[in-house]
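Below: one structure, written as structure tokens.
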Amino acid sequence: MPLSRRSLVLGSAAAFSLAAFGGGYAMGSYGEAMAAANARITGKSSLVTTRFGQLEYAVAGRGEPLLMVHGTGGGFDQGLRFAGGLIASGFQVVAPSRFGYLRSDFPDDPSPEHQADAFAELLDHLGIDRIPIVGGSAGALPAASFALRHPDRCSHLILLVPAMNLSNRDPVEFTRLQQFFVERLLTSDRWFWAARTWAPDQLIGTLLATDPALLASVPASERERAYLVLDELMPIHKRLQGMAQDGQMAGAPSGMDVSRIEMPALIVSAEDDRFGTAQAAQLLAGRIPSARLVIFPTGGHLWLGHDEELTAEITNFVARPAG
């Protein structure tokens, strides 16, 4: 059962309480953490000029190209993190930063449809005619829009823990007080660093919607991936516009007619995702013709413990001939 935004925010508040009393998983001083965060993204990406402004992207790996669209709090760096297994298995991953993230501009109309059009311009720039696209979390909306608006450019559609409101009900609604706490945590690098330093597991449970108890049962590589996804939310101040837009976009009812999606589609979630994306995945699979649905029993919003399985699912799925 998905947590309410009340539960998520109270968990974040508890993280602050722990920070005040010390203890936890330290990540160095604030200055060191900011320097490392900036060094990690500086010089690692390129820019292309589109009719929506500058669009940042990175390319990693060799092999068949695949477009990886990040979720909330991400950027090209999160896209590459999500696609780590795919890069290792022989894909060349193209990872853009969506509108308002890192160095990508924020146009007057940052709709999923316009973001999909910007992806098409990026492919033109790279000389890529047709490509599979993976949309993770809030990146599922522009990925699905790309499939609808540019079907000749999209060979396969993969929606991963899709954060889409398909039932005209946002499962996570904030009160004003709750919004206050979230805004402090997700609009301040220093506040986030404090909570991340002293209460990382609580943040994995709240911000990343994954049961922190799973950390003790998964392989060390998966545990490290969870902490890296958390760390790589920094620098938060360079992602603020994108995160604010995602909050509006993912919560608003989606009028997208996914029944018109004709290419092969793979929909993946986890039953215990605290953002409730398993329900969205099931609805999508019921509306998209011939969609394949994969629901892991555990793993949360990070599909923790299932990254190798997910890589195999996507690899095998993309190997299936497109219509």
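Numbering follows the numbering used here, in which position 100 of the sequence shown is assigned residue number 311; successive positions increment by one, without gaps. All C-beta atoms in this analysis are idealised placements derived from N, C-alpha and C, irrespective of residue type, glycine included. On a predicted model such as this, the values are computed, not experimentally measured, just so you know.
Check: Of all the options Phe-287, Leu-291, Phe-330, which has the alpha carbon lying nearest to the alpha carbon of Arg-262?
Finding: Phe-330
Note to self: Using a 10 Å radius around the Cβ and a threshold of 16 neighbouring Cβ atoms, would you call His-517 buried or exposed?
What the structure shows: buried
Notebook entry, point to check: Using a Cβ-Cβ cut-off of 8 Å (strictly less than) and excluding sequence neighbours within five positions of Gly-510, which residues of its own chain qualify?
Noted result: Thr-421, Leu-425, Ala-481, Asp-483, Asp-484, Gly-516, His-517
Checklist line | Inter-residue spacing [alpha-carbon to alpha-carbon] between Leu-494 and Ala-349 | finding: 16 Å
Next item on the list: Please state whether DSSP places Ser-300 in a helix, a strand or coil.
Entry: coil
Margin query: Between Arg-292, Ala-489, Gln-456, which has its C-alpha nearest Phe-310's C-alpha?
Written below: Gln-456
Margin query: So, for Glu-519: in the same chain, excluding its five sequence neighbours on each side, which residues have a beta-carbon less than 7 Å away from its beta-carbon?
Written below: Gly-296
Note to self: I'd like to know whether the C-beta atoms of Ser-300 and Thr-526 end up nearer to each other than 7 Å.
What the structure shows: yes
Item checked: Cβ neighbour criterion (16 or more within 10 Å) applied to Pro-411 -> buried
Note to self: Can you determine whether any heavy atom of the ligand GDP sits closer than 6 Å to the C-beta of Gly-487, and answer yes or no?
What the structure shows: No copy of the ligand GDP appears in this structure; indeed no ligand is present at all.
Next item on the list: Quick one: give me the first and last residue of the alpha helix (DSSP H) that Met-245 is part of.
Entry: 241-252
Note to self: I'd like to confirm the pairing. Which residues does DSSP put opposite Pro-307 in its beta bridges?
What the structure shows: Tyr-268
Note to self: Please give me, in chain order, every unbroken run of the alpha helix (DSSP H) with length at least 4 that falls completely inside the region 409-450.
What the structure shows: 411-417, 431-442
Next item on the list: Please name the residue, chosen from Phe-486, Pro-343, Met-245, that lies closest to Thr-417 on a Cα-to-Cα basis.
Entry: Phe-486
Notebook entry, point to check: Where do the N-terminal and C-terminal ends of the beta strand (DSSP E) with Gly-346 fall, by residue?
Noted result: 342-347
Next item on the list: Whole angstroms is fine: what's the gap from Arg-450's alpha carbon to Glu-443's?
Entry: 11 Å
Next item on the list: Indicate the three-state DSSP secondary structure (helix, strand or coil) for Ala-461 in the structure shown.
Entry: helix
Next item on the list: Measure the C-alpha to C-alpha separation of Gln-490 and Gly-497 and round it to an integer number of angstroms.
Entry: 11 Å
Next item on the list: Give a yes or no on whether the C-beta atoms belonging to Arg-341 and Glu-267 are separated by under 7 Å.
Entry: no
Item checked: Span of the alpha helix (DSSP H), counted from its first residue to its last, around Val-529 -> 518-530
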